[in-house]
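Enquirer:
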Amino acid sequence: METLERAIEEKDHATIKEELIRVLKENPRDQGGEVTRALQDVDQSGIDVWEAHDGDDLDVNFGTDGFELLLRGLNRNFSRDRYSRAMEIGDLAFKDQEEFDANNTYVKEGTIRGTLQIVGFMIVLMLFYYFVLMKR
149 METLERAIEE KDHATIKEEL IRVLKENPRD QGGEVTRALQ DVDQSGIDVW EAHDGDDLDV
209 NFGTDGFELL LRGLNRNFSR DRYSRAMEIG DLAFKDQEEF DANNTYVKEG TIRGTLQIVG
269 FMIVLMLFYY FVLMKR
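The sequence shown begins at 149 in the working numbering and counts up by one.
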């Protein structure tokens with residue numbers, strides 16, 4: 149938010165837009181109201197960074213792909229309509245992701261290392277049996 153505050157003070161439209169996109173990308177569910185506060189700070193400053201909507205269809209899928217598509221679209225056309233739609237889609241798309249991560253007991257830190265150890269052990273075991281059987 150420090151970068152956004154500085155950009156507002158300097159009336160740097162490009163950096164304000166970049167920061168609003170960054171805040172939304174990092175916090176698509178607006179947890180803690182960070183995105184809302186950033187929008188309020190910009191609105192209260194009186195700086196108008198919004199462009200007229202270019203007419204593109206904003207009916208994207210409700211997943212992370214749709215969210216990413218809207219974020220990329222903001223680089224082309226920074227409209228309030230597109231930003232609001234990205235907030236809606238982000239909230240829906242990442243709600244499911246958080247619930248999945250919270251309920252998925254198989255996703256643990258170190259899972260890849262454990263899997264590699266098992267695969268390595270199986271290879272060694274197969275080689276051992278192969279050479280033992282070949283000597284007979």
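Just so you know, even glycine gets a beta-carbon here, dropped at the ideal spot from N, CA and C.
Taking all protein chains shown into account, decide if LEU168 is buried (16 or more other Cβ within 10 angstroms of its Cβ) or exposed.
Expert: buried
Enquirer: Is it true that the CB of LEU152 sits closer than 9 Å to the CB of MET235?
Expert: no
Enquirer: Check each candidate in ARG261, TYR278 and PHE242 and name the one with the smallest Cα separation from GLN179.
Expert: PHE242
Enquirer: To the nearest angstrom, how far is it from the Cα of PHE248 to the Cα of GLY211?
Expert: Low per-residue confidence applies at PHE248: pLDDT is 46, beneath 50, and the placement is therefore not dependable, though the value from the model is reported in the following sentence. Taking the straight line from one Cα to the other gives about 13 Å.
Enquirer: May I have the straight-line CA-CA distance separating ILE260 from MET274, to the nearest angstrom?
Expert: 21 Å
Enquirer: Just tell me which of SER193, LYS283 and ARG177 has its CA closest to the CA of GLY238.
Expert: When only C-alpha atoms are compared, the closest one is ARG177.
Enquirer: Between the C-alpha atoms of HIS201 and PHE269, what's the straight-line distance to the nearest angstrom?
Expert: 58 Å
Enquirer: Is the beta carbon of LEU222 less than 9 Å from the beta carbon of LYS165?
Expert: yes
Enquirer: Let's test the definition: count the other Cβ atoms within 10 Å of the Cβ of TYR231 and tell me whether it reaches 16, buried, or not, exposed.
Expert: buried
Enquirer: By DSSP's criteria, GLU199 is part of a beta bridge. Which residues make up the other side?
Expert: SER227
Enquirer: Taking the Cβ atom as the reference point for each residue, do MET149 and GLU182 lie within a distance shorter than 9 Å?
Expert: yes
Enquirer: Beta-carbon separation of VAL190 and ILE156 under 9 Å?
Expert: yes
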